[in-house]
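2 protein chains.
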Amino acid sequence: MEALRDRQRTDRQRTDRTGAATLPSDGRAHNLSLVRQTLHSAGAMSRAELSRTLGLTRVTVSDLVSDLLERGHVVELGQSDEVRPGKPAILVDINRQGLQVIGMDLAENSVLRAAVLDLDGNILDRVERSLSEETGLDVVNQVLELASEAVGRATATLLGIGVGTPGIVNADGVVTTAPNFEWKDIPLRDLLQERTGLPTLVSNDADAAVHADHTFGGGSDDMVLVKIGRGVGSGLIVGGRRARGAHSAAGEIGHVTVGTDGGTMCKCGKTGCLETWMSVPSLELALAEAAASSEPEAAADVVLREAGERLAIALAPVVGALDLAEVVLSGPRELLEGPLLNAVQQTLLERLLHQDPSPVSVRLAADAQDIVLRGAAVMVLWNQLGVA
Amino acid sequence: MEALRDRQRTDRQRTDRTGAATLPSDGRAHNLSLVRQTLHSAGAMSRAELSRTLGLTRVTVSDLVSDLLERGHVVELGQSDEVRPGKPAILVDINRQGLQVIGMDLAENSVLRAAVLDLDGNILDRVERSLSEETGLDVVNQVLELASEAVGRATATLLGIGVGTPGIVNADGVVTTAPNFEWKDIPLRDLLQERTGLPTLVSNDADAAVHADHTFGGGSDDMVLVKIGRGVGSGLIVGGRRARGAHSAAGEIGHVTVGTDGGTMCKCGKTGCLETWMSVPSLELALAEAAASSEPEAAADVVLREAGERLAIALAPVVGALDLAEVVLSGPRELLEGPLLNAVQQTLLERLLHQDPSPVSVRLAADAQDIVLRGAAVMVLWNQLGVA
DNA sequence: TTTGATTGTTAGTAGAGTTTACTAACTTGC
DNA sequence: GCAAGTTAGTAAACTCTACTAACAATCAAA
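Chains A and B, in that order, give the protein sequences.
Here the first sequence is numbered in UniProt numbering, starting from 1 and rising by one per residue.
Here the second sequence is numbered in UniProt numbering, starting from 1 and rising by one per residue.
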């Protein structure tokens with residue numbers, strides 16, 4: 001009789017997950033990240049200690065830790081040798097030995113660099129590919145091959161690949177424009193993922209660099225890092241997050257006009273661009289001219305001092321508007337250290353009203369050579385472990 | 001026998017919640033906010049429609065909605081009159097009639113303003129207190145009395161109080177400095193909460209204004225609003241969130257030096273501050289001088305055009321570094337509209353390299369009179385409902 | 001040796017969201 | 001007017017997460 005009853009159709013909802021609705025499992029993922037973060041930054045500790053720091057119960061922490069043990073994200077290190085009453089604690093730590101990351105720096109002059117890094121950002125191994133005149137897809141292929149080679153050098157489980165590249169990179173890891181390589185809409189992230197099978201993250205090189213400094217350097221949650229090389233780029237951390245910008249072009253300050261008194265003609269067609277004062281080629285040209293003058297040392301000093309002033313003129317409104325705590329310069333130390341850095345600091349203070357006792361701090365990035373490699377690695381750590 | 005067994009000490013953990021560990025209930029709170037947000041911005045809809053937009057099941061949405069019905073945050077509006085097969089939908093909507101908010105604007109010249117607003121930011125009632133020469137605690141008392149009066153004017157359940165005040169306000173709602181009122185570390189939020197018993201939020205007036213424009217105006221997630229009044233202040237939205245700054249002083253651009261060619265002496269002691277060009281008093285002074293010249297109209301035009309240029313010179317590095325999509329000016333329309341706004345737009349484009357097809361949009365804020373009141377209300381909606 | 005402190009685990013419970021299965025109520029086509 | 005199909009909303013049972021309660025293991029100090 002009722003054999004003919006309708007077949008119940010299962011609601012096939014929740015197919016796309018467009019919205020940002022939170023499931024209990026999302027909370028779980030967040031808490032797992034918190035455990036990893038705590039261990040990563042504070043070092044090995046017991047489950048009970050984690051429980052106290054996180055505000056979760058020992059039971060929950062035990063469960064989270066056993067989950068992470070299974071995934072290989074953390075390891076047990078044996079009993080703590082602390083002397084105190086009670087059952088001795090078993091230390092757990094992020095699996096520093098068993099996990100590695102690939103970092104890539106495509107922004108160096110005529111060389112593509114890659115490295116294997118551990119979770120603390122130490123470089124364990126390096127590989128390179130020198131470029132001559134290649135552009136377009138030739139460079140892309142070199143990058144893919146270099147990535148494969150780097151992956152082969154890893155001696156532990158790889159969490160993923162991070163890349164710092166010149167040009168503008170959107171949130172999907174597509175390099176929309178990179179004039180140096182004549183790239184246009186290159187889906188670098190997907191290409192690398194396809195090639196290596198590893199989770200991959202691609203960002204602009206200055207953005208990668210600011211990640212590195214934010215993690216391993218000063219660590220202010222409101223800072224800018226200016227990367228001075230062939231061009232001038234920057235990466236900003238605002239409220240602890242990287243500023244991406246409306247068109248993924250945040251940090252592109254090389255062609256902002258500086259000052260109100262003209263300046264040199266730039267290859268972009270305007271005059272007075274920051275790059276005409278601050279890029280390494282511009283500085284070297286000006287220094288060469290200074291060396292040929294009657295008072296070479298004084299002239300060189302003026303060149304560097306003026307460049308620093310110009311940078312500060314451009315940065316002052318940014319630092320003021322965002323109330324940044326740190327301005328970090330990254331580039332050739334022999335150019336930036338001394339008169340240039342001092343001029344930046346001095347001019348910045350002159351142009352900002354700083355009644356408060358904590359003015360902006362201006363300094364050079366440590367380890368400018370490898371800052372992009374390390375920043376690229378940090379991006380992977382954040383993405384895969386929620387760590388940094 | 002075993003009567004002497006140890007008294008089990010309950011783990012008294014999770015007392016402080018210092019960390020940011022996520023509980024399932026936090027996820028629930030988030031999903032409740034999502035429902036409110038969706039209804040607030042998209043208008044009344046059925047539970048089933050909510051389910052589809054949010055990606056949660058109908059069952060869960062039903063549960064969330066019944067929760068919100070109990071709290072009075074949403075109401076049922078009866079059957080939808082859409083004509084299509086199936087059971088007719090019961091529309092639910094944010095309780096637009098039954099919930100109200102107090103907004104306060106302390107940044108006007110010699111008057112404190114407050115208003116009762118509905119959830120859509122409409123002003124339902126106003127109250128004011130005029131100031132003569134009061135400073136310090138006298139002003140605080142006026143503010144507290146004004147708040148009480150405004151609360152009395154409400155005709156529905158009040159969600160809370162939002163305040164836009166001149167000066168620098170930290171994350172705890174303490175006004176650390178407000179020179180106009182000679183305030184120093186005034187805990188305005190706590191004072192208002194004590195007086196009225198309502199949840200209260202305090203921000204700088206320009207920050208409140210940018211919230212208003214972000215919600216009711218263009219709505220770009222990367223924008224700056226410059227508020228021109230007695231002084232010049234600004235509020236920034238970066239990546240959809242308000243930039244607070246390292247010392248809660250983000251947006252304070254009035255005393256950034258503009259340009260490299262000197263300028264007028266500012267009361268702060270430096271020369272060439274943005275305020276010397278752009279504040280209403282400075283503009284009015286310059287316009288009065290222009291009116292006395294031989295060609296008053298042309299001179300006035302030059303004054304306004306120059307002011308716009310100066311603002312753009314200061315903003316260009318900010319817009320470039322943050323890749324902002326919108327620059328919004330708020331202030332006296334008769335001063336800002338026309339030559340000044342055009343000069344800002346033109347100068348900004350000249351000083352930025354914009355190869356991409358979506359340059360920055362420059363415009364005036366709608367309804368500059370009430371923008372702080374409405375922004376203050378938005379802050380409450382965000383905080384109490386997760387809406388806006 | 002006893003007492004107390006501390007760590008980590010097991011057992012059971014409450015909350016959040018899901019799947020499954022149902023009722024209610026409407027339109028369409030004959 | 002009636003069956004068929006469609007959509008909205010709900011009830012029950014299950015899963016997952018984190019919690020409380022209770023306990024075993026282990027060590028220091030009295």
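Ideal Cβ placement from N, Cα and C applies to all residues, glycine included.
CA nearest to the CA of residue i, picked from the options
i, options, result
"B/His30", "A/Gly27, A/Thr22, A/Leu34", "A/Thr22"
"B/Glu134", "B/Ile102, B/Ala154, B/Pro179, B/Asp125", "B/Pro179"
"B/Trp382", "B/Arg241, B/Gly136, B/Met45", "B/Arg241"
"B/Asp105", "B/Gln369, B/Gly386, B/Pro359, B/Leu385", "B/Gln369"
"A/Val232", "A/Pro332, A/Leu68, A/Pro359", "A/Pro332"
"A/Ile253", "A/Ser330, A/Ser41, A/Cys268, A/Leu274", "A/Leu274"
"A/Ser132", "A/Asp120, A/Ala150, A/Leu112", "A/Leu112"
"B/Lys270", "A/Leu348, A/Gly197, A/Leu315, A/Glu337", "A/Leu348"
"A/Leu336", "A/Val256, A/Val319, A/Gly229", "A/Gly229"
"A/Asn204", "A/Val175, A/Ala298, A/Ala156, A/Asp118", "A/Val175"
"B/Gly72", "B/Leu158, B/Gln346, B/Glu182, B/Gly375", "B/Leu158"
"A/Met278", "A/Ser110, A/His255, A/Asp93, A/Glu297", "A/His255"
"A/Glu334", "A/Gln346, A/Ala300, A/Ala314, A/Ile313", "A/Ala300"
"A/Val344", "A/Trp183, A/Ser41, A/Ala365, A/Leu315", "A/Leu315"
"A/Gly375", "A/Ile161, A/Glu326, A/Leu144, A/Glu82", "A/Ile161"
"B/Leu124", "B/Lys184, B/Leu146, B/Leu99", "B/Leu99"
"B/Ala20", "A/Leu50, A/Glu149, A/Asp185", "A/Leu50"
"B/Gly259", "B/Asp185, B/Leu311, B/Thr53", "B/Leu311"
Check: residue i C-beta below 8 Å from any heavy atom of the ligand FAD
i, result
"B/Gly86", "As presented, the structure is devoid of all ligands, the ligand FAD included, so that no description of it is given."
Residue i (DSSP reduced to helix, strand or coil)
i, result
"A/Leu50", "helix"
"B/Arg12", "Residue confidence is low: B/Arg12 scores 31 on pLDDT, short of 50, so the model does not pin down where it sits. Its coordinate-derived value is still stated next. If DSSP states are grouped into helix, strand and coil, B/Arg12 belongs with coil."
"residue 393 of chain B", "Shown here, chain B extends from 1 to 388; a query on residue 393 of chain B therefore has no answer."
"A/Ile253", "coil"
"A/Thr135", "coil"
"B/Arg333", "helix"
"A/Glu350", "helix"
"A/Asn204", "strand"
"A/Ala115", "strand"
"A/Thr60", "helix"
"A/Asp323", "coil"
"A/Glu145", "helix"
"B/Asp213", "helix"
"A/Arg241", "strand"
"B/Ala178", "strand"
Contact with chain A by residue i, beta-carbon distance below 9 Å
i, result
"B/Ile253", "yes"
"B/Ser220", "yes"
"B/Leu188", "no"
"B/Val328", "no"
"B/Leu373", "no"
"residue 404 of chain B", "Residue numbering for chain B in the displayed model covers 1 to 388; residue 404 of chain B lies beyond these limits and cannot be assessed."
"B/Asn383", "no"
"B/Pro317", "yes"
"B/Thr324", "Residue identity differs from the one stated: residue 324 of chain B is Leu in this sequence, not Thr. B/Leu324 counts as touching chain A."
Below-9 Å beta-carbon distance, residue i vs any chain B residue
i, result
"A/Glu182", "no"
"A/Leu112", "no"
"A/Val303", "no"
"A/Arg241", "yes"
"A/Val175", "no"
"A/Lys227", "no"
"A/Pro281", "no"
"A/Val258", "yes"
Beta-carbon separation (whole angstroms), residue i vs residue j, contact threshold 8 Å
i, j, result
"A/Val226", "A/Leu352", "That pair is no contact at about 16 Å."
"B/Ile94", "B/Arg36", "6 Å"
"A/Gly245", "A/Asp221", "No, A/Gly245 and A/Asp221 are not in contact; Cβ-Cβ is about 18 Å, not under 8 Å."
"residue 435 of chain B", "A/Leu236", "Limits of chain B in this structure are 1 at one end and 388 at the other, which puts residue 435 of chain B out of reach."
"B/Val140", "B/Leu191", "7 Å"
"B/Val92", "B/Val75", "7 Å"
"A/Val202", "A/Val169", "5 Å"
> Closer than 7 Å, Cβ to any Cβ of chain B: which residues of the region 60-74 of chain A, in chain order?
Replying inline: Residues passing the 7 Å Cβ filter: none.
> Looking at chain B, which residues of the region 79-109 of chain A have a Cβ within less than 9 Å of any of its Cβ atoms?
Replying inline: Legend: CB atoms of the region 79-109 of chain A lying less than 9 Å from CB atoms of chain B are not found in any residue.
>> Give me the subset of the region 158-174 of chain B whose CB atoms are less than 8 Å from a CB atom of chain A, sorted by chain position.
In response: Of all residues in the region 158-174 of chain B, none has a Cβ within less than 8 Å of some Cβ in chain A.
> Which of the residues in the region 200-219 of chain B, read from start to end, lie with their CB under 9 Å from any CB of chain A?
Replying inline: Of all residues in the region 200-219 of chain B, none places a beta-carbon less than 9 Å from a beta-carbon of chain A.
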